[in-house]
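Novice: Below is one structure. I have some questions about it.
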Amino acid sequence: MDLGPHAAFIWASYAAFAAIIGLLIGWTLLDGWRQAKALADADRRGLKRRSDRTANQGQKTS
Amino acid sequence: MKSMQTLTQRLANPTRFMELSRAILPWIAAGAALFIAYAMYLVFFVAPPDYQQGETVKIMYIHVPSAWLALMGYSIIALSSFGLLVFRHPLADVSAKAAAPIGAAFTLAALITGSLWGKPMWGTYWVWDARLTSVLILFFLYLGLIALRSSLEDEALAGKLTAVLALVGVAILPIIKFSVDWWNTLHQPSTGFTSSVDPSMRTPLLLSAIGFTLLFIALHLKGMQNEILRRRVKTLRLAEIERGDRAFSERVE
Amino acid sequence: MTGFWALLKRDLTLAVREGSALGTALGFYLVVVAMLPLGLGPDLKLLSRIAPGVLWIALLLAALLSLPRMFEADHEDGSLEVMATAPLPLELAVAAKALAHWISTGIPLALMAPVLGLMLNLDITLTPALVGTMLAGTPAISFLGSVGAALTLKARRGGLLLALLVLPLYIPTLIFGISAIGFASLGQDGLSASLLILLAISVASVAAAPLASAAALRLQMS
Amino acid sequence: MFRADRNEKFLAALRLAGRAQQDAGGPDAFFAVAKREASQLYRRLKSRTSTAVLVNFANPLCRRPIRAGSSWVDRLFLHADNLTVERGTRTVISALSFTAKAGEALLLVGPNGAGKTTLIRTLAGFITPAAGTISLNAEFTDQDVAEACHYVGHLTGIKANLTAEQNLVFWAEYLGARESTPIEDRVHDALSHFGLSQLADYPAGLLSAGQKRRLGLARLSVAHRPIWLLDEPTVSLDAASTDLLAKLIRKHLANNGLVIAATHLPLGLEDPTYLRLGPAPSTGAAPGDTLSGGGAP
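In structure tokens form, the structure reads like this:
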């Protein structure tokens, strides 16, 4: 797999490409995890969304 | 237009969209990985060197898809902005907001790979030729969208204003393209899929393009999911704040 | 003095949380540098000759963008007045804010200059001189800019007025920055002379500007 | 500027402080003595040189932070001596003299534009009076009055992008001197007192107007300052929050604090003294009525 005289540029461009797209994928996954955790934390603190609250309004006696 | 209407309407409800996207996201991601891996294998082990450039043509296999995805990203944003302003589609703003950073990233990748490709071919890292300059201006439009959206507190207003900017951008883009082309046509004619690229190079290019497009769609869906979750968390917090406020003021009477 | 570090830490966290201030400055810097070849034509030799001057002037303009917000944000929500009653005198508070502006805007702009240098076909060997002079010169931009920001706090079109007031103050920094790069391109050791003067200007403005800004803020508050 | 003899005296003071440090033990005593010497030097400098700006710059080195928590001297008082303040061409306050003693609430009453806000801003050091002086009692003479005061204006002083807790931690660090109770406890007590502990880690920008107002008032209890200058604190506050504020003020007064407030609502205080400003209402009470007047607003 000899990449000829300009091999450095080929590797540089693939490395830069991989870095940018890798960062993008990493950031998206991290953001997704953070939002899920914030949502779980909000649920744990007993916050019900309006639609959930009206949904289970019937069952709860209080 | 009729079927597209019902499809987007069915997707209108965020929870419906979450279920659907959670179902298809893994498949798209797997498809993307498969295509990219196979394309990279072809590029590095099978594809012949170009008769002029030699091996540096390998950069084309990521430069061209990036440039193509930069344009596709902007058209997705323009489509979503149109959907938001005209049809007031609830998810349009989410789609536009999620697509902007992904499009900007691919534009940046196209610029960097283009300039690294330019060094061996034309001797300098940056050459003010028509195509690279148009991609650079597209990058400015992306920066403008992201900056405008992040500098306004009220999210709903920010979404609509950014949509207007996106539509203005999409209207002006062809004019920019034409003027930059007229300004300087140093660059070789754009390598269309069917044109001078000989068949053995065309398949890896096509596979890599499909692979990265799938990757773009996967990232876009995941970005939209994150945005929906973020908005849900915000409404929950605001609800708690409002309830806390009411409970606080009732506590004394 | 703990107040100084607390204020600096707070301002840097705010700068990170409100990324748009830095983003706009970097974006503006990129657009101004990119527009120039479109105006002057793609002649690489011409571009590489004027590259240092263009990069410096664009840096000055880009730094100006985020200056009005230095005191405006605190003025709007009332923190500025409460800060005036703190044990830390207003002069040191202003110094902390200008330092935060330098760290959050000056340094990123200076570090981005070489990337834009590529666009202007700047000769690579000049990059260290370019970044060096910019890092030495930007403190003067932030601290002298803080004087302008304090003076135009309640002016209506504060941003424009600020540019008019502060750009003349930047002329020495610009001249010695460019001359330092010029010497570097000739390879003489003259670089150290201009660079030292540039540093002297920055250190002088770090020491003197907060006095003027604090005096101006006290007048604004009375 | 430092003549030889003054230098000598300063060094002697440091040596004295050094010895004092051994028997008193701990660097604090040493710093205290060194600072007292420097502040006397600073006061002589301040009276002689007119460049207040330059001298102000040396301020932080010679000020003595108000020792928090220590039992304040119950004879703390704030004395204004024929104060005259001009706003543009109009003389808003003319020849006003009053003394407010520790443990007392002084409520400024009078029509709008009578100078209530101007007086509070003058006490807070924002406006320099045209004539007359404002001074604290002997114990804190080397203190700038403003530094002993909490100033609460119409704005909340809250940063939208910081969480509620971070806002208060910043103010505690920035305004407070070295205090006995650690910052976290003070912040948590302040948050719980104003019913905000549930929202401690939410960005302050999300809070409602009332909650932001309460977060602004919580600043009063995270940093320890004897004098509270409140400029219409009850504006945009609901009944519950006003009650909490009144409770906080009563606790502050009981702790020998001093509150000067411009307000229309009585803050539920037992026997506040009133200071009427501006043209006398039809009841004929003279402007600048001395404290004993105590006429109801």
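Protein chains in written order, with the numbering used here: chain A, 35 to 96; chain B, 43 to 295; chain C, 15 to 236; chain D, -16 to 280.
We put the beta carbon where it would ideally sit given N, CA and C, even for glycine.
(1) Give the interface partners of B:G286 over in chain D, defined as CB-CB distance under 7 Å, in chain order.
(2) Could you tell me whether the Cβ atoms of B:L249 and B:F86 are closer together than 8 Å?
(3) Are the segment 209 to 221 of chain C and the segment 175 to 194 of chain C in contact at 8 Å, needing three or more beta carbon pairs?
(4) Quick check: what's the CA-CA separation for C:R232 versus D:F109?
(5) I want to see whether chain D comes within less than 8 Å of C:L28, judged by CB atoms only; does it?
(6) Check whether the Cβ atoms of C:T16 and D:E156 lie closer than 8 Å to each other.
(7) Taking the CB atoms as reference points, tell me whether B:S63 and B:Q267 lie closer together than 8 Å.
(8) Which residues mark the beginning and the end of the alpha helix (DSSP H) in which B:S193 is found?
(9) Give every residue of the same chain whose Cβ lies closer than 7 Å to the Cβ of B:W110, excluding the five residues on either side of it in the sequence, and list them in chain order.
(10) Helix, strand or coil, according to DSSP, for B:F87 in the structure here?
(11) To which residues of the same chain is B:A112 closer than 7 Å at the C-beta, ignoring the five residues directly before and after it?
(12) So, at 8 Å on beta carbons, what are the nonlocal neighbours of D:L260 in its own chain, with the 5 sequence-adjacent residues on each side left out?
(13) For a contact meaning CB atoms closer than 8 Å, what does A:A38 contact in chain B?
(14) What is the residue span of the beta strand (DSSP E) that D:K84 lies within?
(15) Short of 8 Å in beta carbon distance, which residues of its chain neighbour C:G37, apart from the five on each side in sequence? Order them along the chain.
(16) Residues of chain B with CB under 7 Å from C:G33, in chain order?
(17) Quick one: residues in its chain with C-beta nearer than 7 Å to the C-beta of D:L106, no 5 flanking neighbours on either side, listed in chain order?
(18) Going by Cα to Cα distance, which pick from B:R58, B:I66, B:N55 is closest to B:L261?
(19) May I ask you to report which of helix, strand or coil DSSP gives D:F215?
(20) Helix, strand or coil: how does DSSP classify D:L91 here?
(21) On the CB-based measure, 16 or more other CB atoms within 10 Å of its CB, does D:W154 come out buried or exposed?
(22) Which one of B:T277, B:E284, B:G286 has the shortest CA to CA distance from A:K73?
(23) What does a CB cutoff of less than 7 Å around D:P43 pick up in its chain, not counting 5 residues either side in sequence?
(24) Closest to A:D75 by CA distance: which of B:R288, B:L174, B:E282, B:F290 is it?
(25) Are the C-beta atoms of C:M235 and some chain D residue less than 8 Å apart?
(26) Note down, in chain order, all residues in the segment 190 to 201 of chain D with a beta-carbon under 8 Å from any beta-carbon belonging to chain B.
(27) Could you give the distance in angstroms between the alpha-carbon of C:P186 and the alpha-carbon of C:G146?
(28) Is the segment 49 to 65 of chain C touching the segment 114 to 129 of chain C, taking contact as three or more C-beta pairs under 8 Å?
(29) What does the Cβ neighbour count give for B:F129, buried or exposed, with the cut at 16 atoms within 10 Å?
(30) Considering only the alpha carbon of each residue, which of B:I259, B:G265, B:S122 lies closest to B:G73?
(31) Please check the pair D:Q194 and B:D287, which I expect to be a contact at CB under 8 Å, by giving their CB distance rounded to whole angstroms.
(32) Go through the segment 113 to 170 of chain D residue by residue and report every complete run of the beta strand (DSSP E) that reaches 3 residues or more, in order.
(33) By DSSP, does B:V169 sit in helix, in strand, or in coil?
(34) Under a three-way DSSP split, which group does A:A41 fall into?
(35) How would you write the range of the beta strand (DSSP E) that B:A138 sits in, first residue to last?
(36) Considering only residues of the same chain and omitting the five flanking positions on each side of C:A127, which have a CB-CB separation below 7 Å?
Specialist: The relevant details are as follows:
(1) Residues of chain D passing the Cβ test: Q181, L182.
(2) no
(3) With a cut-off of 8 Å, the segment 175 to 194 of chain C and the segment 209 to 221 of chain C count as touching, because enough Cβ pairs lie within range.
(4) 7 Å
(5) yes
(6) yes
(7) yes
(8) Element bounds for B:S193: n/a, residue is neither H nor E.
(9) A251
(10) helix
(11) G145, F148, T149, A152, V177, L180
(12) I76, L79, L91, V92, G93, A97, G98, K99, L102, P270, G271
(13) Checking the sequence, you will find Gly at residue 38 of chain A rather than Ala. Correct list: P91, G96, E97, T98.
(14) Element bounds for D:K84: 73 to 84.
(15) none
(16) S192
(17) I117, V128, C132, L212, I243
(18) Ranked by how close their Cα comes to the Cα of B:L261, the residues B:R58, B:I66, B:N55 have B:I66 in first place.
(19) According to the sequence shown, residue 215 of chain D is Glu rather than Phe. Three-state DSSP puts D:E215 in coil, outside helix and strand.
(20) strand
(21) buried
(22) Going by the sequence as given, residue 73 of chain A is Leu instead of Lys. Residue B:T277 is the option with its Cα nearest to A:L73.
(23) A caution first: D:P43 carries a pLDDT of 44, below 50, which makes its placement in the model unreliable, though a value can still be read off. Around D:P43: no qualifying Cβ.
(24) B:E282
(25) yes
(26) Flagged, chain order: L190, S191, G193, Q194.
(27) 16 Å
(28) no
(29) exposed
(30) The shortest Cα separation from B:G73 among B:I259, B:G265, B:S122 belongs to B:I259.
(31) Their Cβ separation, rounded to whole angstroms, is 6 Å, which keeps D:Q194 and B:D287 in contact under 8 Å.
(32) 114 to 119, 132 to 135
(33) coil
(34) helix
(35) No beta strand (DSSP E) contains B:A138, which is instead part of the alpha helix (DSSP H) from 134 to 164.
(36) L69, L73, L144, V145, M148
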